[in-house]
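Each position in the sequence shown, counted from 1, maps to that position plus 659 in this note's numbering. Glycine included, each C-beta is placed from N, C-alpha and C at the ideal position. Each remark here refers to the structure printed beneath this line.
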Amino acid sequence: EIVPTATAPSLAVLPTPVDARTATNTTSNNNSVIIGDVVVGPNGEAIHIEPWDGESRFTILVMGLDRRPGETGLRFRTDTMLLVSLDPVTNSAGILSIPRDLYIEMPGYNGLYRINEPMVWGELQSPGYGPQLAMQTVQYNLGIRVNEYLIVDFKAFIAIIDAIGGIEVDVPNTINDPQYPNMYYGYDPFYLPAGHHVLNGETALKYARTRHGSSDFDRARRQQQVLFAIRDKILRLDMIPTLILQAPSLWAALQDNIYTGLSLEQVIQLALWAKDIPLENIHTGVITPEYVMSYTTETGASVLIPNRSRLGYLMQEVFGANYNQ
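Pasting the structure below:
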């Protein structure tokens with residue numbers, strides 16, 4: 660029997676990520692007090708800010724918020740989690756999908772938790788602290804410094820896809836999900852035959868979320884496929900100039916549906932930088948069964964215990980040998 664224990668990870672352990680652009684001597688939305696270049700966290704521990712130097716790796720934790728129409732705030736699970744890392748030195752990028760059932764340590768808390776839970780626990784601790792706790796948890800367990808976060812809910816995802824006129828995807832196998840969860844905690848049967856499709860925002864969301872008849876690992880691969888389809892559409896049709904013009908209005912319209920520590924200007928700067936990374940320099944990975952051990956908790960929950968030595972190899976394959984520096 661595999662018994663999970665709260666042991667320190669063999670991957671590199673890094674300090675808490677913080678927003679290096681926060682003004683001096685203020686109180687942030689996670690109750691952290693900023694005094695000069697030192698952040699005093701909710702637990703009273705001093706955390707030194709390490710601002711991005713514009714030259715080293717920049718890593719964003721992208722999260723999809725399981726929040727439905729009419730619901731507000733951030734106290735929801737992040738059932739989609741991807742690490743997107745850009746390295747200007749090698750002109751490369753890495754994208755890693757993290758399964759929501761990964762069973763890990765959450766800094767500042769006893770025991771083990773699913774990796775999609777920190778947002779909920781952080782918001783319970785202090786409204787606005789959820790994103791920081793999610794970054795800290797991923798950083799602590801995977802050993803890669805996380806600089807920023809980007810959270811989107813269902814409405815934002817649909818709007819982004821529709822803003823570029825939909826995406827093209829090749830569906831390898833027919834999807835037949837009679838129990839696809841709709842926006843109101845009911846079911847909306849989803850069927851998509853194998854083949855080439857142009858998906859609007861709503862259908863792309865279903866394609867990225869469904870897992871009936873497959874697994875979370877297959878769903879992670881489809882989510883990466885959607886990301887590359889967005890990139891392909893934008894670059895193939897040279898849509899960057901048009902999207903930059905539309906960005907302020909789209910950003911304003913979705914201000915209650917997108918959450919990030921980045922400003923709109925910084926998002927545009929990162930997008931302009933990322934578009935010039937050659938496709939062959941973009942490395943992807945999914946934390947699949949060979950990197951985890953399946954386990955059933957005492958309460959009957961099915962979770963995944965990370966195999967930290969194997970996971971370290973995956974991190975190197977996706978982000979490079981120096982990912983933890």
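By the DSSP assignment, the beta strand (DSSP E) with residue i in it spans what residues?
i: Ala752; result: 751-757
i: Asp829; result: 826-830
i: Ile946; result: Counting along the chain, Ile946 falls outside any beta strand (DSSP E), and DSSP gives it neither H nor E.
i: Arg773; result: 771-773
i: Val721; result: 717-724
i: Asp760; result: Segment: none, Asp760 is in no beta strand (DSSP E) and carries neither H nor E.
i: Leu938; result: Segment: none, Leu938 is in no beta strand (DSSP E) and carries neither H nor E.
i: Ile889; result: Taken as a continuous stretch (DSSP letters only), Ile889 belongs to no beta strand (DSSP E), being part of the alpha helix (DSSP H) at 875-895.
i: Asp602; result: The structure shown does not extend to residue 602, since the chain is modelled only from 660 through 984, so no value can be given for it.
i: Thr919; result: 917-919
Please say whether residue j and residue i have beta carbons closer to each other than 8 angstroms?
i: Tyr808; j: Leu745; result: no
i: Asp875; j: Pro758; result: yes
i: Ile941; j: Ile903; result: no
i: Asp760; j: Ser968; result: no
i: Ala867; j: Arg890; result: no
i: Leu858; j: Glu782; result: no
i: Tyr954; j: Tyr762; result: yes
i: Ile774; j: Phe978; result: no
The alpha helix (DSSP H) with residue i in it runs from where to where?
i: Ser626; result: Because the chain in this structure spans residues 660 to 984, residue 626 falls outside the shown range and cannot be described.
i: Ser908; result: 899-912
i: Pro777; result: 777-784
i: Pro790; result: 789-801
i: Leu931; result: 923-933
i: Leu970; result: 967-978
i: Leu851; result: Here Leu851 belongs to no alpha helix (DSSP H); instead the beta strand (DSSP E) covers 849-851.
i: Glu861; result: 860-868
i: Leu809; result: Per DSSP, Leu809 belongs to no alpha helix (DSSP H); it is in the beta strand (DSSP E), 807-811.
Using a Cβ-Cβ cutoff of less than 6 angstroms, which residues in the same chain neighbour residue i once the five nearest sequence positions on both sides are dropped?
i: Arg870; result: Arg878
i: Trp910; result: Leu923
i: Glu861; result: Ile817
i: Leu970; result: Tyr950
i: Asp725; result: Phe735, Arg736, Asp738
i: Ala793; result: Pro777, Met778
So, at 7 angstroms on beta carbons, what are the nonlocal neighbours of residue i in its own chain, with the 5 sequence-adjacent residues on each side left out?
i: Gln975; result: Tyr982
i: Thr739; result: Met722, Gly723, Gln882
i: Ala888; result: Ile826, Glu827, Val828
Have a look at the options and flag the residue whose alpha-carbon is nearest the alpha-carbon of residue i.
i: Val828; options: Trp780, Asp812, Asn841, Gly854; result: Gly854
i: Val830; options: Gln838, Leu851, Gly860; result: Leu851
i: Gln838; options: Ser873, Pro937, Gln984; result: Ser873
i: Asn916; options: Gly729, Thr956, Met794; result: Gly729
i: Asn806; options: Gly959, Leu931, Val945, Gln925; result: Gln925
i: Val797; options: Asn841, Leu755, Asp847, Thr919; result: Leu755
i: Asn750; options: Met842, Ala793, Tyr846, Leu938; result: Leu938
i: Arg716; options: Leu929, Ala822, Ile820, Ile823; result: Leu929
i: Ile810; options: Thr958, Glu957, Gln914, Met952; result: Gln914
i: Ile820; options: Gly920, Leu886, Gly944; result: Leu886
Can you give me the Cβ contacts of residue i inside the same chain, cut-off strictly under 8 angstroms, excluding the 5 residues immediately before and after it?
i: Ala980; result: none
i: Asn702; result: Caution applies to Asn702, whose pLDDT of 48 falls short of 50 and renders its modelled position unreliable; the value that the coordinates give is listed next. The answer, listed in chain order, is Gly767.
i: Ala752; result: Val743, Ser744, Leu745, Asp746, Ala933, Ile936, Asn940, Ile941, His942
Beta-carbon of residue i versus every beta-carbon of chain B: anything under 8 angstroms?
i: Asp877; result: Here there is only one protein chain, and chain B is not present.
Assess, as a yes-or-no matter, whether the region 898-918 is touched by the region 831-850 under the definition of 3 or more beta carbon pairs within less than 8 angstroms. no
The region 894-901 touching the region 778-788, judged by at least three CB pairs closer than 8 angstroms: Fewer than three Cβ pairs drawn from the region 894-901 and the region 778-788 lie within less than 8 angstroms of each other, which leaves the two stretches out of contact.
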